[in-house]
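Undergrad:
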Amino acid sequence: MSSKTTHIWKKALSNGGIAGALSILISLVGLAEKFGDTNVVKGVVTLGDFFLLLPILLVAYTTLWSNVDVPRPTLVGLSAVTGATAGVMLTLLLALGQLVDLRPMFVNASPALYSQLSRGVVLPLGYLIPPIQGLIAAMISLGIYLLPGRIRSAVIQGILWVVLVGTLRDQILLIELFKTRAISYILKTAIFASSGLSLIGALLLFAIVAGSSYYLAGRKKATTNNLPIQTRKTNRIILLVVIAVALALLPYILGIFYSEILDTTGLFIMMGLGLNIVVGFAGLLDLGYVAFYAIGAYAMGVLTSTGLGLFNLSFWQALPFALLAAWLSGILLGLPVLRMRGDYLAIVTLGFGEIVRLLALSDWLRGVLGGTQGIQSIAQPQIGGFRFNTLQELYYLILLGIALITFIAWRLKDSRLGRSWMAIREDEDVAQAMGINLVITKLLAFSTGALFAGLAGTLGAAKLTSVYPHSMTFIISINVLVLIIIGGMGSIPGVFIGALVLVGLPGLLTEFEDYRLWFYGLVLVFMMLNRPEGLLPEARRKRELHEETSALIAE
Amino acid sequence: MLKRWLQRVTLTDIVVWGIGVVIGGAVVYGTIVTLVTATYSAEQWINLTIDGLKLGGIYALIALGYTLVYGVLRMINFAHSEVFMSGPFTAVFLAKYLHQIGFYNAHPFISLLLVTLLSATVSMVVALLLERIAYRRLRYAPRLVPLITAIGASFFLQYTFRGMYGNDPETYPTLEMLKGKWNFGIISVPKTDVVVIISAFLLMLILYTIVQITKTGKAMRSVSEDKETAALMGIDVDRIIVYTFGLGGASAGVAGVLYALIFQQVHFYMGFIPGLKAFTAAVLGGIGNVVGAWLGGTLLGLIESIGPNLFLSGLGVPAPNQLKDAIAFTILVFILIFRPTGLLGERVSGTKA
Amino acid sequence: MAVLRAKQVTKRFGGLEALRSIDLEVKEHAIQSIIGPNGAGKTTFFNCITGFYNPEEGDILLGDRSITGLSPDRVARLGVARTYQNIRLFKNMTAVENIMVGMEPHMHSNIISSVIRTRAEREEEREALEEALRLLRMMGLAGQGDMLAKNLPYGAQRRLELARALASKPKLLLLDEPTAGMNPKETQEMTDLIRRLRDELGITILLIEHQMRVVMGISELITVLDYGAKIAEGPPSEIQSDPVVIEAYLGRGSYQASVLSH
Numbered sequence: 049m050s051s052k053t054t055h056i057w058k059k060a061l062s063n064g065g066i067a068g069a070l071s072i073l074i075s076l077v078g079l080a081e082k083f084g085d086t087n088v089v090k091g092v093v094t095l096g097d098f099f100l101l102l103p104i105l106l107v108a109y110t111t112l113w114s115n116v117d118v119p120r121p122t123l124v125g126l127s128a129v130t131g132a133t134a135g136v137m138l139t140l141l142l143a144l145g146q147l148v149d150l151r152p153m154f155v156n157a158s159p160a161l162y163s164q165l166s167r168g169v170v171l172p173l174g175y176l177i178p179p180i181q182g183l184i185a186a187m188i189s190l191g192i193y194l195l196p197g198r199i200r201s202a203v204i205q206g207i208l209w210v211v212l213v214g215t216l217r218d219q220i221l222l223i224e225l226f227k228t229r230a231i232s233y234i235l236k237t238a239i240f241a242s243s244g245l246s247l248i249g250a251l252l253l254f255a256i257v258a259g260s261s262y263y264l265a266g267r268k269k270a271t272t273n274n275l276p277i278q279t280r281k282t283n284r285i286i287l288l289v290v291i292a293v294a295l296a297l298l299p300y301i302l303g304i305f306y307s308e309i310l311d312t313t314g315l316f317i318m319m320g321l322g323l324n325i326v327v328g329f330a331g332l333l334d335l336g337y338v339a340f341y342a343i344g345a346y347a348m349g350v351l352t353s354t355g356l357g358l359f360n361l362s363f364w365q366a367l368p369f370a371l372l373a374a375w376l377s378g379i380l381l382g383l384p385v386l387r388m389r390g391d392y393l394a395i396v397t398l399g400f401g402e403i404v405r406l407l408a409l410s411d412w413l414r415g416v417l418g419g420t421q422g423i424q425s426i427a428q429p430q431i432g433g434f435r436f437n438t439l440q441e442l443y444y445l446i447l448l449g450i451a452l453i454t455f456i457a458w459r460l461k462d463s464r465l466g467r468s469w470m471a472i473r474e475d476e477d478v479a480q481a482m483g484i485n486l487v488i489t490k491l492l493a494f495s496t497g498a499l500f501a502g503l504a505g506t507l508g509a510a511k512l513t514s515v516y517p518h519s520m521t522f523i524i525s526i527n528v529l530v531l532i533i534i535g536g537m538g539s540i541p542g543v544f545i546g547a548l549v550l551v552g553l554p555g556l557l558t559e560f561e562d563y564r565l566w567f568y569g570l571v572l573v574f575m576m577l578n579r580p581e582g583l584l585p586e587a588r589r590k591r592e593l594h595e596e597t598s599a600l601i602a603e
Numbered sequence: 010m011l012k013r014w015l016q017r018v019t020l021t022d023i024v025v026w027g028i029g030v031v032i033g034g035a036v037v038y039g040t041i042v043t044l045v046t047a048t049y050s051a052e053q054w055i056n057l058t059i060d061g062l063k064l065g066g067i068y069a070l071i072a073l074g075y076t077l078v079y080g081v082l083r084m085i086n087f088a089h090s091e092v093f094m095s096g097p098f099t100a101v102f103l104a105k106y107l108h109q110i111g112f113y114n115a116h117p118f119i120s121l122l123l124v125t126l127l128s129a130t131v132s133m134v135v136a137l138l139l140e141r142i143a144y145r146r147l148r149y150a151p152r153l154v155p156l157i158t159a160i161g162a163s164f165f166l167q168y169t170f171r172g173m174y175g176n177d178p179e180t181y182p183t184l185e186m187l188k189g190k191w192n193f194g195i196i197s198v199p200k201t202d203v204v205v206i207i208s209a210f211l212l213m214l215i216l217y218t219i220v221q222i223t224k225t226g227k228a229m230r231s232v233s234e235d236k237e238t239a240a241l242m243g244i245d246v247d248r249i250i251v252y253t254f255g256l257g258g259a260s261a262g263v264a265g266v267l268y269a270l271i272f273q274q275v276h277f278y279m280g281f282i283p284g285l286k287a288f289t290a291a292v293l294g295g296i297g298n299v300v301g302a303w304l305g306g307t308l309l310g311l312i313e314s315i316g317p318n319l320f321l322s323g324l325g326v327p328a329p330n331q332l333k334d335a336i337a338f339t340i341l342v343f344i345l346i347f348r349p350t351g352l353l354g355e356r357v358s359g360t361k362a
Numbered sequence: 037m038a039v040l041r042a043k044q045v046t047k048r049f050g051g052l053e054a055l056r057s058i059d060l061e062v063k064e065h066a067i068q069s070i071i072g073p074n075g076a077g078k079t080t081f082f083n084c085i086t087g088f089y090n091p092e093e094g095d096i097l098l099g100d101r102s103i104t105g106l107s108p109d110r111v112a113r114l115g116v117a118r119t120y121q122n123i124r125l126f127k128n129m130t131a132v133e134n135i136m137v138g139m140e141p142h143m144h145s146n147i148i149s150s151v152i153r154t155r156a157e158r159e160e161e162r163e164a165l166e167e168a169l170r171l172l173r174m175m176g177l178a179g180q181g182d183m184l185a186k187n188l189p190y191g192a193q194r195r196l197e198l199a200r201a202l203a204s205k206p207k208l209l210l211l212d213e214p215t216a217g218m219n220p221k222e223t224q225e226m227t228d229l230i231r232r233l234r235d236e237l238g239i240t241i242l243l244i245e246h247q248m249r250v251v252m253g254i255s256e257l258i259t260v261l262d263y264g265a266k267i268a269e270g271p272p273s274e275i276q277s278d279p280v281v282i283e284a285y286l287g288r289g290s291y292q293a294s295v296l297s298h
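Chains as they are written, first to last, in our numbering: chain Z, 49 to 603; chain B, 10 to 362; chain R, 37 to 298.
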């Protein structure tokens with residue numbers, strides 16, 4: 049065997065080791081066993097299995113990927129080696145677990161985990177299960193790899209949708225619309241099983257998703273661009289109307305359970321849009337952003353709480369003051385940090401955020417801010433006699449808030465101010481040399497961002513009718529940051545996508561709460577290493593600009 | 010010169026300085042009130058000072074990791090707080106095991122040594138993995154990207170350890186040998202405090218020697234100054250960076266054991282606040298500067314321990330010790346605003362245009 | 037009438053004197069150059085003019101107004117624009133956007149008017165866009181307005197940077213090595229362009245250049261710096277044969293000296 053050949057086999061082996069280590073990590077962290085009962089496709093695969101085997105799938109894929117010019121049979125061998133090695137490592141874990149009780153240290157190394165690893169098969173025969181599963185996973189990976197491009201992405205999408213829908217079975221069945229008798233019946237008997245999808249349902253879903261994905265990828269993209277401008281504009285208006293109607297009906301289509309998620313996601317969208325201006329447009333990394341939300345919420349609390357009894361204003365009376373407080377605090381934060389560079393700016397803002405939280409938590413300010421208990425009995429918005437107190441009703445206010453903020457952000461993006469912000473982000477010194485007043489421009493970024501967060505805060509306070517210092521943790525700032533990064537820094541639609549994926553989805557999957565931040569961390573690292581521009585990167589207003597440009601040149 | 014300086018002063022400078030002066034004035038006032046009214050006894054002050062020194066030693070050891078990494082990579086290793094956490098949180102199981110079999114108190118020195126070795130190793134490994142997996146590829150990326158990666162890694166590590174070892178804190182078994190106090194004339198100091206202070210000091214001495222005198226240490230400093238030139242001089246920059254992470258990680262692991270000796274409880278979130286404070290210490294002393302890390306750590310520890318009682322109670326703030334962390338963060342903010350190069354000045358060269 | 041007057045400008049960095057009592061005058065509508073070996077302080081001088089650095093001693097006047105110590109944005113608004121030695125465009129913004137940022141000194145819309153799109157704001161944006169497109173055409177970049185600056189080829193980037201500088205309708209244009217990295221044809225085009233800018237737009241131009249062909253061909257007055265001090269000043273014919281200048285270059289053993297003697 050040539051040295052190159054031995055090299056690729058060794059690589060496959062070591063990759064197997066890495067995959068095995070990752071799978072062990074996933075087992076020990078608890079992801080495998082915790083979701084071992086969550087069926088994706090009943091009787092076939094659970095979510096726990098999926099997580100357990102995912103590293104093997106992915107690593108085997110990279111093994112294949114880095115061996116482009118290798119003959120097929122060898123590829124089979126390589127995948128097999130990777131998969132089997134990974135599996136063997138899991139067997140070792142299994143064996144170790146029989147010898148020694150690992151639970152004093154690794155809390156998840158339980159009998160339940162071991163039986164999951166061996167799929168319930170009695171040992172010693174059970175020891176063979178992990179390598180076999182590893183092999184199967186590697187072969188699946190190989191199969192996907194060998195598929196031609198369009199089919200491959202269609203298949204992957206199909207698999208992902210099956211996993212998603214299977215996991216979300218319970219939540220999907222809660223959708224109001226699906227509770228009507230006919231639909232409910234079909235769903236419960238044919239598509240879904242008592243847990244997860246039924247086999248038929250899974251195959252059906254897979255076929256639909258893979259099929260449509262394949263078809264859509266095939267259609268030439270140029271068709272949409274070739275339509276005349278007027279038609280495209282009309283199409284766009286129609287689309288907007290449809291979306292608006294759908295949004296308006298959403299809480300009633302989806303039901304109460306979803307309304308909570310919609311509200312929370314909505315608040316995060318508002319914050320995301322605000323932070324998007326500070327970080328995405330102006331390039332100022334603010335890690336203490338939650339403080340502005342808190343200031344808006346606490347201001348609303350202090351001014352309207354009947355429990356505190358200090359001012360007893362109504363929601364609408366207090367709103368302008370709360371917004372003003374948030375806006376001013378944005379300026380106050382911005383002033384000292386005007387000349388700081390990136391990392392330091394981030395840490396200082398983090399410090400500010402923590403200081404605000406600690407002050408809110410302290411006994412010293414308990415008289416006004418309520419200490420650890422926070423503030424209760426906060427007013428809810430009222431118009432005439434109608435009080436916005438259900439989740440669905442508040443949804444509309446939040447929707448209004450989002451619409452307002454999106455509008456402002458969108459308008460600003462293509463304006464003199466928006467360009468100034470982006471210039472600062474790109475090269476602050478040169479921006480200043482162009483005549484941009486750094487002080488005012490940066491303060492405008494901070495204060496506008498703070499204003500948006502403050503608005504979200506007031507609505508959040510009204511929604512809960514209370515506010516606590518625990519809702520101002522650093523983790524929330526990170527939450528907002530992650531969602532704009534995932535969506536694409538500076539991109540407005542990106543904020544929506546990010547929020548949907550990072551707030552909406554976890555909101556649905558409450559069992560995931562323990563692992564949410566783990567996933568965030570993983571996703572952040574992954575995105576920064578591979579796709580720092582985000583999912584929906586800032587699309588420059590190319591099309592319209594292009595039209596105007598060519599029109600003017602034609603003159 | 011003065012006229013020129015006056016021209017450059019802007020409204021924002023005035024506002025910021027104004028706020029600084031007000032806060033500074035309040036601190037001075039509070040201090041005077043406390044001292045004049047003799048609210049606390051000499052013994053209490055001494056105890057607070059000892060507290061400050063022991064915390065300071067721990068912060069200094071953690072700060073070393075931040076300062077060294079910033080020196081060679083110009084990045085803030087936000088995940089260093091988890092590097093700090095991983096060591097003692099793993100080693101606690103060894104400690105408990107040794108305690109279970111009776112070895113722990115029968116052979117306290119060896120036990121502590123083993124525990125510390127394990128802790129240092131684990132922390133070091135985590136640091137090395139971080140460098141290899143998360144940071145290496147981003148060495149020349151725009152500044153925000155590695156910072157965000159570090160934040161992601163920090164969360165990932167926190168929750169990985171939480172997943173593995175559980176949500177609940179683990180407690181280090183008490184060493185019989187270190188129970189009680191030693192008496193130095195009129196003051197009596199808890200034995201653990203003495204051990205911590207001395208160990209921290211010794212370790213800082215060792216680390217300082219390594220960085221100043223050994224060949225690798227010198228190579229580290231040249232990479233800090235100018236990566237490209239160092240490479241041209243034949244220094245294997247990658248290897249030095251690995252070494253830096255390893256050194257910072259190991260010292261954080263040792264700091265973790267010292268932390269455990271004092272606080273006894275370890276849990277997955279224990280790194281966050283000490284990490285921020287250690288970073289504050291590093292910046293306070295002058296980031297990139299080893300002596301600065303030591304100075305900053307000690308100073309921060311002292312201010313944090315003595316401060317609340319010194320100036321906050323004088324200002325009439327109830328339960329001043331709640332605001333310990335707030336004081337530390339305020340120092341962080343102040344330093345970064347008014348003197349970002351720190352007390353001893355940055356050892357890193359960086360020009361703008 | 038002098039557009040720019042530098043008097044005894046001294047700039048120190050710690051112990052190092054980067055500029056030593058520099059006196060320099062740039063006459064209106066002139067094209068003048070500053071040359072000198074690397075590290076002579078040429079870019080530092082530019083930075084002092086634009087307000088990026090604050091000289092320790094001396095004074096800089098634009099027209100009859102002192103601009104010493106003013107912040108860069110104020111200096112820009114008074115009519116000074118510059119390009120950079122190593123092209124500093126706003127990389128992730130389009131060409132058109134880069135130019136529109138350059139128009140900053142002439143724009144008046146604020147945050148409110150931007151959001152509600154007042155008639156005045158819309159007018160201003162439209163005119164700005166037209167002007168930007170016009171500048172693009174002038175620089176031979178027509179049709180590339182939507183390209184991200186980082187995706188443009190090198191020569192186009194240089195021209196874009198120049199367009200951005202022109203967008204502010206400056207009185208004084210500072211060009212820092214505008215022909216760096218260009219081939220002879222591009223260099224000639226740039227030289228012609230610079231001349232046209234002065235002839236057609238009446239802009240006063242001060243450039244830093246290393247290509248002696250350009251310097252000798254285009255400048256009315258050349259100032260030579262070495263180690264932060266002015267060692268010679270005069271029309272090209274004088275400078276070419278000035279022994280002090282030649283030694284300054286020769287003493288570095290640089291190729292530039294040989295070009296000088298062309």
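Glycine is no exception: its CB is placed at the ideal position from the N, C-alpha and C atoms.
1. Residue range of the beta strand (DSSP E) that Ala-328 of chain B falls in?
2. DSSP three-state call for Ile-206 of chain B: helix, strand or coil?
3. Can you tell me which of the three DSSP states Trp-191 of chain B falls into?
4. Just list the residues that DSSP pairs Phe-434 of chain Z with in beta bridges.
5. Strictly below 8 Å CB to CB, what residues from chain Z border Pro-327 of chain B?
6. Quick test of your reading: Ile-85 of chain R and Ser-255 of chain R, contact by CB under 8 Å. State the CB separation rounded to the nearest angstrom.
7. Under the DSSP definition of a beta bridge, which residues are partnered with Asp-262 of chain R?
8. Under a Cβ-count criterion, where at least 16 other Cβ atoms within 10 Å of its own Cβ denotes burial, should Gln-221 of chain B be classed as buried or exposed?
9. Gly-138 of chain R touches chain Z at which residues, Cβ-Cβ below 9 Å?
10. Mind checking Met-37 of chain R: buried by the 16 CB within 10 Å criterion, or exposed?
11. Pull up the distance between the alpha-carbon of Tyr-193 of chain Z and that of Asn-83 of chain R, whole angstroms please.
12. Inspect the beta-carbon positions of Ala-339 of chain Z and Val-404 of chain Z and report whether they are closer than 8 Å.
13. Quick one: does Ser-74 of chain R have its CB under 8 Å from some CB of chain Z?
14. Can the beta-carbon of Leu-209 of chain Z be found closer than 8 Å to that of Leu-253 of chain Z?
15. Using a Cβ-Cβ cutoff of less than 7 Å, which residues in the same chain neighbour Arg-473 of chain Z once the five nearest sequence positions on both sides are dropped?
16. What number of angstroms, rounded off, separates the C-alpha of Trp-54 of chain B from the C-alpha of Leu-101 of chain Z?
17. So with CB distances below 8 Å, who are the chain Z contacts of Asp-109 of chain R?
TA: In terms of the structure at hand:
1. By 1-based counting over the second sequence, the position of residue 328 of chain B is 319. No beta strand (DSSP E) contains Ala-328 of chain B, which DSSP labels as neither H nor E.
2. Taking the second sequence and counting its residues from 1, the one referred to as residue 206 of chain B is at position 197. Ile-206 of chain B: helix per DSSP, three-state reduction.
3. The sequence position of residue 191 of chain B within the second sequence is 182, counting from 1. Three-state DSSP puts Trp-191 of chain B in a strand.
4. The sequence position of residue 434 of chain Z within the first sequence is 386, counting from 1. Partner(s): Z:Ile-431.
5. Residue 327 of chain B sits at position 318 when you count from the first residue of the second sequence. Within 8 Å Cβ-Cβ: Asp-411, Trp-412.
6. Counting from one through the third sequence, the residue named residue 85 of chain R turns up at place 49. Counting from one through the third sequence, the residue named residue 255 of chain R turns up at place 219. Not quite, the Cβ-Cβ distance comes to about 17 Å (not below 8 Å), so this is no contact.
7. The sequence position of residue 262 of chain R within the third sequence is 226, counting from 1. Answer by DSSP bridge pairing, in chain order: R:Ala-265.
8. Here residue 221 of chain B refers to the residue found at position 212 of the second sequence. Gln-221 of chain B should be labelled exposed.
9. Taking the third sequence and counting its residues from 1, the one referred to as residue 138 of chain R is at position 102. The contacting residues are Met-482, Gly-483.
10. Here residue 37 of chain R refers to the residue found at position 1 when the third sequence is read from its first residue. Note on Met-37 of chain R: under 16 other CB atoms within 10 angstroms of its CB, so exposed under the neighbour-count rule.
11. Here residue 193 of chain Z refers to the residue found at position 145 when the first sequence is read from its first residue. Here residue 83 of chain R refers to the residue found at position 47 when the third sequence is read from its first residue. Cα-Cα distance, rounded: 56 Å.
12. Reading the first sequence from its first residue, position 291 is the one you call residue 339 of chain Z. Reading the first sequence from its first residue, position 356 is the one you call residue 404 of chain Z. Taking 8 Å as the Cβ cut-off, Ala-339 of chain Z and Val-404 of chain Z qualify as a contacting pair.
13. Looking up residue 74 of chain R in the third sequence gives position 38. Per the sequence shown, residue 74 of chain R should be read as Asn rather than Ser. It does not: the Cβ of Asn-74 of chain R has no partner Cβ on chain Z nearer than 8 Å.
14. Residue mapping note: residue 209 of chain Z aligns to position 161 of the first sequence, counting from 1. Residue mapping note: residue 253 of chain Z aligns to position 205 of the first sequence, counting from 1. Reading the sequence as shown, one finds Trp at residue 209 of chain Z and not Leu. Their beta carbons are under 8 Å apart, which means Trp-209 of chain Z touches Leu-253 of chain Z by this criterion.
15. Indexing the first sequence from 1 puts residue 473 of chain Z at position 425. Only Phe-329, Ala-330, Gly-331 meet the Cβ criterion.
16. For this step, residue 54 of chain B is matched to residue 45 along the second sequence. For this step, residue 101 of chain Z is matched to residue 53 along the first sequence. The alpha-carbon of Trp-54 of chain B is positioned some 58 Å away from that of Leu-101 of chain Z.
17. Counting from one through the third sequence, the residue named residue 109 of chain R turns up at place 73. Correct list: Gln-480, Ala-481, Met-482, Gly-483, Ile-484, Asn-485, Leu-486.
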